[in-house]
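Below: one structure, written as structure tokens.
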Amino acid sequence: MGYGKREEPKLFNDEQMRQFIADGYVIFKPNVPDNLHETIRQKLQFMVDEEFNYGNNVLPRVPEMDRILNSPEVRGALISVLGPGYIEHPHRFCHYIPPDATQRTLAQNCHQDSYTPLGRPRQHYPRFARIMYYPQDSPVEIGPTHAIPGTHYHRRLTDKDRQNAIPIAGNAGTVSITHFDIGHAAGINALRQPRHMIKFIYVRAEEPTKPSWDCQYHIWRNPKTYKTPHDLHLIWSHIWDWLCGKKDRYESFRASDPAVCELEDLHHDNLDKQLAAMHSIAATKNADAIPALIHKLNSAEQWTRLAAVYTLGAIGQPAVQPLVEALLDAAAHKDDDPVPQSWNEGAISMEDTAHALAAIGTPSLNALIGLLDNPGEWARINAAFALGEMDSLATQAIPALTRCLDDASHCVVRTATDALGSIRQNSEEFISVLERLLKVGRPEWQMPDRRDWTPYDQVRVNAAMVFTRLGKDATSAEALLLDTLSDPNGHVAAFALEALRRIGTPSAIDGVMEYLMTRRWDESIEKGRLF
Ligand SMILES: [Fe+2]
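In this note's numbering, each residue carries its 1-based index in the sequence shown increased by 71.
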């Protein structure tokens, strides 16, 4: 198959989507010639032996991987999880374990990724996904990546989670798609052979309006088998309904007809009893349980705190004010919590109250818009995040979120920018402010932070991403985006390039071609052969 010709994507079926939602990952194998993987493996090995790890440039260095990423199976998986307009993120990386590497234990390796290079809030709805690919046979002995089922909704990994890591093993060519926030770990390479795993990141451009996979049955059912240790169908069905584009994200849950339990079971020693109690409360919308549910939020026990979020979401309007009060209380005391909750440029977890308010939807809107003016930075950040999680349901928040782009805090600016990119409506109201963010930074944003990036680098990345997500609605920003191709930060330029490609006017495409033609790479050139 040559360039420009693409086979029809192979979309996930319902069972694969159920697995993705419940466990957070699906493993599959693209149908490409077997020798392609060996070609890729050799080039990657040459790269690490003779050159250096090219980081984000690994794809142009080994462009054969494009055949994997554009295979019908990988495109089908990405469309299924992120929608047809998914965006390729400029961050990708070859995770290489050399034969003589000093290795830690599997449990020590377990982690959730941060959103490189500076932080972004973790999300429950699938907006970011990771593709992982092995070019060599990867049995468990070579140390393949392990995944920890169900942890993509966790605020942090527990010791118990670290015992549940499962190898994503397979022959050369095995690919997995994972929710970005899933707990995972490099395995232990007992074979002492070179081991490559290349990861690629993708981003959702638009909220779902209908299922983007081969959906035959619109009501959630638990997968036939799942590896997550508990039945969390309240959460899973909510995410499924969001992916189906339903306004009511509890439709599937109500159809599940959960058993009626006693309220006291909320405090039962048995975790499954607690979950069943919450399912019962969610079905009956029992507002008496609100204080006990709020008490479970942000707690160390990850499965029940997650269930409490979506039980409060199901209760709806009566939970709004108590959740707002709990959010303000947390914002006032955030430094007292042993789990880092505030903005730390690594793994940023929003308050569970923010997720619950987002799950409630429209009845939360006015309260969240009000919180955008709160003097507490953490309260404004969480409110902006929650509004973004509501997508176009939060359209009336656009004027207030646009004002947040002038907030003194770059964390608020970044979160509000992301939220506007998710809401994606009435873009004429905020495009000119985003253009200004791309052009003019503030003196206090110029100090390098994590990985040598400045806050202003990340502000520009987030702004450029919004233009990419807007597609043709960003046409008025074409001239600025053409200028932005010269941005010294490669991520910013990459998103501007993709934004221009999506705008698609002849002048935008001319700019795209000029940029790419300059960067054309002759693969036949090597040390001893310069012509
Ligand atoms: Fe990782």
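The C-beta atom is built at its ideal place from N, Cα and C for all residues, glycine as well.
(request) Let me know if Val410 comes out buried or exposed under the rule of 16 or more other beta-carbons within 10 Å of its beta-carbon. (result) One-based indexing of the sequence shown puts residue 410 at position 339. Note that Val410 scores 47 on pLDDT, short of 50, meaning its location in the model is unreliable; the coordinates nonetheless yield the value given after this. Val410 comes out exposed.
(message) For Ile502, report the span of its alpha helix (DSSP H) as first-last.
(response) Counting from one through the sequence shown, the residue named residue 502 turns up at place 431. Where Ile502 is concerned, the enclosing alpha helix (DSSP H) stretches over Ile502 to Lys510.
(message) Tell me which residues share the same chain as Lys344 and place their Cβ nearer than 7 Å to its Cβ, disregarding the 5 neighbours each side in the sequence.
(response) The residue labelled residue 344 in the question sits at position 273 within the sequence shown. Same-chain partners within the cutoff: Asp336.
(message) Helix, strand or coil for His32? Go by DSSP, reduced to three states.
(response) No statement about residue 32 is possible, as the shown extent of the chain runs from 72 to 602 and does not include it.
(request) Just tell me which of Leu458, Pro470, Thr473 and Thr486 has its CA closest to the CA of Glu448. (result) For the purposes of this step, residue 448 is identified with residue 377 of the sequence shown, where counting begins at 1. Looking at the Cα atoms, Thr486 is the closest of the given residues.
(message) To the nearest angstrom, how far is the alpha carbon of Ala371 from that of Gln183?
(response) The count along the sequence shown starts at 1 and reaches residue 371 at position 300. The count along the sequence shown starts at 1 and reaches residue 183 at position 112. Cα-Cα distance, rounded: 16 Å.
(message) Please classify Phe83 as buried or exposed, where buried requires at least 16 other C-beta atoms within 10 Å of its C-beta.
(response) As a first step, residue 83 is located in the sequence shown; it is residue number 12 there, counting from the start. Label assigned to Phe83: buried.
(request) Would you grab the beta carbon distance between Leu439 and Leu458 for me? Rounded to a whole angstrom, and I think it's under 8 Å. (result) Taking the first residue of the sequence shown as 1, we reach residue 439 at position 368. Taking the first residue of the sequence shown as 1, we reach residue 458 at position 387. Contact holds; Cβ gap of about 5 Å.
(request) Could you have a look at Glu159 and say whether DSSP puts it in helix, strand or coil? (result) The count along the sequence shown starts at 1 and reaches residue 159 at position 88. Of the three classes helix, strand and coil, the one that applies to Glu159 here is strand, per DSSP.
(request) With DSSP collapsed to three states, give me the class of Met136. (result) Looking up residue 136 in the sequence shown gives position 65. Note: Met136 maps to helix in three-state DSSP.
(message) Can you determine whether any heavy atom of ligand 1 sits closer than 8 Å to the C-beta of His255, and answer yes or no?
(response) If you number the sequence shown from 1, residue 255 lands on position 184. Yes, since a heavy atom of ligand 1 falls inside the 8 Å radius drawn around the Cβ of His255.
(request) Give the straight-line distance between the Cα atoms of Ala360 and Ile431, rounded to the nearest whole angstrom. (result) In the sequence shown, residue 360 corresponds to position 289, counting from 1. In the sequence shown, residue 431 corresponds to position 360, counting from 1. So the alpha carbons of these two residues sit roughly 16 Å apart.
(request) Could you check if Phe117 is buried or exposed, using at least 16 other CB atoms within 10 Å of its CB as the buried criterion? (result) Start at 1 with the first residue of the sequence shown, and residue 117 comes out as number 46. Its Cβ having fewer than 16 others within 10 Å, Phe117 is exposed.
(request) Buried or exposed for Arg89, please, with buried defined as at least 16 other CB atoms from any protein chain shown within 10 angstroms of its CB. (result) Taking the first residue of the sequence shown as position 1, residue 89 is located at position 18. Label assigned to Arg89: buried.
(message) So that I know if they touch, is there some Cβ in chain B lying closer than 9 Å to that of Asp462?
(response) Annotation note: the requested chain B is absent from the structure, which comprises a single protein chain.
(message) Going by DSSP, what residue range makes up the beta strand (DSSP E) through Gly441?
(response) The residue given as residue 441 occupies position 370 in the sequence shown. That residue, Gly441, is in no beta strand (DSSP E); its alpha helix (DSSP H) goes Leu436 to Leu442.
(request) Determine the DSSP secondary structure at Pro238, reduced to helix, strand or coil. (result) If you number the sequence shown from 1, residue 238 lands on position 167. Pro238: strand per DSSP, three-state reduction.
(request) Under 6 Å Cβ to Cβ from Phe32, same chain only, skipping five residues before and after it: list those, please. (result) One cannot answer for residue 32 here, as it falls past the ends of the chain, which runs 72 to 602.
(request) Could you pull the start and end residues of the alpha helix (DSSP H) that Met584 belongs to? (result) For the purposes of this step, residue 584 is taken as residue 513 along the sequence shown, with counting starting at 1. Met584 -> alpha helix (DSSP H) spans Pro577 to Thr589.
(message) ligand 1 and Asp184: does any heavy atom of the ligand fall closer than 8 Å to the residue's C-beta?
(response) To locate residue 184, count along the sequence shown from 1; it is residue 113. Yes, ligand 1 has a heavy atom inside 8 Å of this Cβ.
(message) I'd like to check one pair, Lys510 with Leu551: are the Cβ atoms closer than 9 Å?
(response) Residue numbering aside, residue 551 sits at position 480 when the sequence shown is read from its first letter. Residue numbering aside, residue 510 sits at position 439 when the sequence shown is read from its first letter. Contact flag set, yes.
(message) Quick check on Phe199: does DSSP put it in helix, strand or coil?
(response) For the purposes of this step, residue 199 is identified with residue 128 of the sequence shown, where counting begins at 1. Here Phe199 sits in strand by DSSP.
(request) Could you tell me the distance, in whole angstroms, from the CA atom of Cys315 to the CA atom of Ala403? (result) In the sequence shown, the residue the question calls residue 315 occupies position 244. In the sequence shown, the residue the question calls residue 403 occupies position 332. Cα to Cα, Cys315 sits roughly 37 Å from Ala403.
(request) Report yes or no: do three or more beta-carbon pairs, one from the segment 157-171 and one from the segment 125-138, lie closer than 8 Å? (result) yes
(message) I need the boundaries of the beta strand (DSSP E) containing Tyr381, first residue and last residue.
(response) Stepping through the sequence shown from its first residue, residue 381 is reached at position 310. Run containing Tyr381: none in the beta strand (DSSP E); it sits in the alpha helix (DSSP H), Gln373 to Ile386.
(request) Just tell me which of Asn235, Ile269, Gly582 and Val274 has its CA closest to the CA of His255. (result) Taking the first residue of the sequence shown as 1, we reach residue 255 at position 184. Comparing Cα-Cα distances from His255 to each of Asn235, Ile269, Gly582 and Val274, the minimum goes to Asn235.
(message) Here's a check: name, in chain order, each residue in its chain whose Cβ is nearer than 8 Å to the Cβ of Val391, leaving out the five neighbours to either side.
(response) Here the question's residue 391 lines up with position 320 in the sequence shown. Closer than 8 Å at the Cβ level, and outside the excluded window around Val391, lie Leu428, Ile431, Pro434, Ser435 and Ala438.
(request) Tell me, to the nearest whole angstrom, how far the beta carbon of Glu333 is from that of Ser493; I am working on the premise that it is less than 8 Å. (result) Counting from 1 along the sequence shown, the entry for residue 333 is found at position 262. Counting from 1 along the sequence shown, the entry for residue 493 is found at position 422. No, Glu333 and Ser493 are not in contact; Cβ-Cβ is about 39 Å, not under 8 Å.
(message) According to DSSP, Lys270 sits in a beta bridge with which residue or residues?
(response) Within the sequence shown, the letter at position 199 stands for residue 270. DSSP output for Lys270 lists Phe164 and Met203 as bridge partner(s).
(message) Distance check for Trp414 and Val484, CA to CA, integer angstroms please.
(response) As a first step, residue 484 is located in the sequence shown; it is residue number 413 there, counting from the start. As a first step, residue 414 is located in the sequence shown; it is residue number 343 there, counting from the start. Their backbone Cα atoms lie some 13 Å apart in a straight line.
(message) Distance check for Ala257 and Trp374, CA to CA, integer angstroms please.
(response) Reading the sequence shown from its first residue, position 303 is the one you call residue 374. Reading the sequence shown from its first residue, position 186 is the one you call residue 257. If you take the alpha carbons of Trp374 and Ala257, they lie about 24 Å apart.
(request) Return the first residue and the last residue of the alpha helix (DSSP H) that Ala401 is part of. (result) Numbered from its first residue, the sequence shown carries residue 401 at position 330. Where Ala401 is concerned, the enclosing alpha helix (DSSP H) stretches over Val391 to Ala403.
(message) Between the segment 554-563 and the segment 522-539, can you find at least three pairs of beta-carbon atoms closer than 8 Å?
(response) yes
(request) Give the range of the beta strand (DSSP E) segment to which Ser247 is assigned. (result) Start at 1 with the first residue of the sequence shown, and residue 247 comes out as number 176. Val246 to His250 is the span of the beta strand (DSSP E), which, as asked, contains Ser247.
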